[in-house]
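Asker: Okay, so the sequence shown: first residue is 215 according to my numbering, each after it adds one. Structure below; questions to follow.
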Amino acid sequence: MTSNALSRVRTALAKQPRLPLAQLPTPLHDAVRLREALGGPARCPRILIKRDDLTALGLGGNKARKLEYLVADAQAHGATTLITTGAVQSNHARMTAAAACVAGMRCVLVLTTRMDDAKVRLTTSAKATAVKKPDATPVPALEGNLLLDRLYGATVRLVPAIDPMLAVGQDEAVVAEVVADEEAQGRRPYVIP
Numbered sequence: 215m216t217s218n219a220l221s222r223v224r225t226a227l228a229k230q231p232r233l234p235l236a237q238l239p240t241p242l243h244d245a246v247r248l249r250e251a252l253g254g255p256a257r258c259p260r261i262l263i264k265r266d267d268l269t270a271l272g273l274g275g276n277k278a279r280k281l282e283y284l285v286a287d288a289q290a291h292g293a294t295t296l297i298t299t300g301a302v303q304s305n306h307a308r309m310t311a312a313a314a315c316v317a318g319m320r321c322v323l324v325l326t327t328r329m330d331d332a333k334v335r336l337t338t339s340a341k342a343t344a345v346k347k348p349d350a351t352p353v354p355a356l357e358g359n360l361l362l363d364r365l366y367g368a369t370v371r372l373v374p375a376i377d378p379m380l381a382v383g384q385d386e387a388v389v390a391e392v393v394a395d396e397e398a399q400g401r402r403p404y405v406i407p
């Protein structure tokens, strides 16, 4: 990208609403030992690691930059609820839940989970226990990003994905239901792709 094109992009971005959610810029760390392992300065260029885990939003990640613009746009449109989709341990979903929490907005996550009997759990309390019950809603144990989603206050709607190729269509149908439910309760949903 030329410096003129970069300048135009920066000017266009500066005109967009933005809600500061992250501590930016994140630092670059010199990977000295990795460079040495790859042959040292004579054989390997300097290696810098961008530390996007230090954005300070929802345990970090590069999604914070995108969410700063999307959440600001949602607020500009009067939205009260953020809705997004992803896999059950989605980093994007976790970051969206954290952004909604910081912005004082409601968040609904539509998460796809595989129907794997060995990993099926039923959450009836804070303790998730393994069950094999055909009439139970199969959900993964409350751990990892799913636990963080709940701690950030997100409502989680699980979509069992029997066929991963159908997951996108299943997600879209559930998102449409969530949008209708939110509107029926007087809320203003904003869907984040």
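Glycine included, every Cβ here is placed at the ideal spot set by N, Cα and C.
Measure the CB-CB distance between threonine 298 and leucine 271 and report whether it falls below 9 angstroms.
Answerer: For threonine 298 and leucine 271, no; Cβs fall outside 9 angstroms.
Asker: Once the 5 residues before and after threonine 326 are set aside, which same chain residues still bring their CB inside 6 angstroms of it?
Answerer: Excluding residues within five positions, the ones whose Cβ falls inside 6 angstroms are Ala301, Val373, Ala375, Ala381.
Asker: Where do the ends of the alpha helix (DSSP H) carrying valine 246 lie?
Answerer: Its alpha helix (DSSP H) spans residues 246-251.
Asker: Relative to the C-alpha of arginine 320, which candidate in Gly400, Pro255, Ala368, Ile261 has its C-alpha closest?
Answerer: The residue with the shortest Cα to Cα distance from arginine 320 is Ala368.
Asker: Verify whether the separation of the beta carbon atoms of proline 403 and alanine 293 is less than 9 angstroms.
Answerer: In this structure, alanine 293 lies closer than 9 angstroms to proline 403 by Cβ.
Asker: How many whole angstroms separate the CB atoms of arginine 265 and alanine 236, which I take to be in contact at a CB cut-off of 8 angstroms?
Answerer: That pair is no contact at about 12 angstroms.
Asker: Rounded C-beta distance between aspartate 244 and leucine 262? I'm assuming under 8 angstroms.
Answerer: Right, their Cβ atoms sit about 6 angstroms apart.
Asker: Could you check where the alpha helix (DSSP H) with leucine 296 kicks off and where it finishes?
Answerer: No alpha helix (DSSP H) holds leucine 296; the beta strand (DSSP E) holding it covers 295-301.
Asker: Note down the Cα distance separating alanine 290 from arginine 328, rounded to an integer number of angstroms.
Answerer: So the two alpha carbons sit approximately 36 angstroms from each other.
Asker: I need the boundaries of the beta strand (DSSP E) containing cysteine 321, first residue and last residue.
Answerer: Taken as a continuous stretch (DSSP letters only), the beta strand (DSSP E) holding cysteine 321 covers 320-328.
Asker: Counting only the same chain and skipping the five closest in sequence on each side, list residues whose C-beta sits under 7 angstroms from that of aspartate 287.
Answerer: Excluding positions up to five away in sequence, the list reads Pro231.
Asker: Between glycine 275 and arginine 308, is the Cβ-Cβ spacing less than 9 angstroms?
Answerer: Yes, these two residues count as a Cβ contact at 9 angstroms.
Asker: Counting along the chain, where does the beta strand (DSSP E) carrying leucine 262 start and finish?
Answerer: 262-264 is the span of the beta strand (DSSP E), which, as asked, contains leucine 262.
Asker: Going by Cα to Cα distance, which pick from Asn305, Ser217, Ala313 is closest to leucine 233?
Answerer: Residue Ala313 is the option with its Cα nearest to leucine 233.
Asker: Could you give the distance in angstroms between the alpha-carbon of aspartate 355 and the alpha-carbon of valine 246?
Answerer: Looking at the sequence shown, residue 355 is not aspartate but alanine. Going by the C-alpha atoms only, they are around 39 angstroms apart.
Asker: DSSP has proline 374 in a bridge; who is on the other side?
Answerer: Note: proline 374 sits in a beta bridge opposite Thr327.
Asker: Give me the residue from Leu238, Asp385, Arg249 with the minimum Cα distance to glutamate 282.
Answerer: Measuring from the Cα of glutamate 282, the nearest candidate turns out to be Leu238.
Asker: What residue does the alpha helix (DSSP H) around tyrosine 283 start on, and which one ends it?
Answerer: 277-290 is the extent of the alpha helix (DSSP H) around tyrosine 283.
Asker: Could you give the DSSP three-state label for threonine 369: helix, strand or coil?
Answerer: Residue state, collapsed to three classes: strand.
Asker: Going by DSSP in three states, leucine 238 sits in which element: helix, strand or coil?
Answerer: Leucine 238 falls in the coil class under three-state DSSP.
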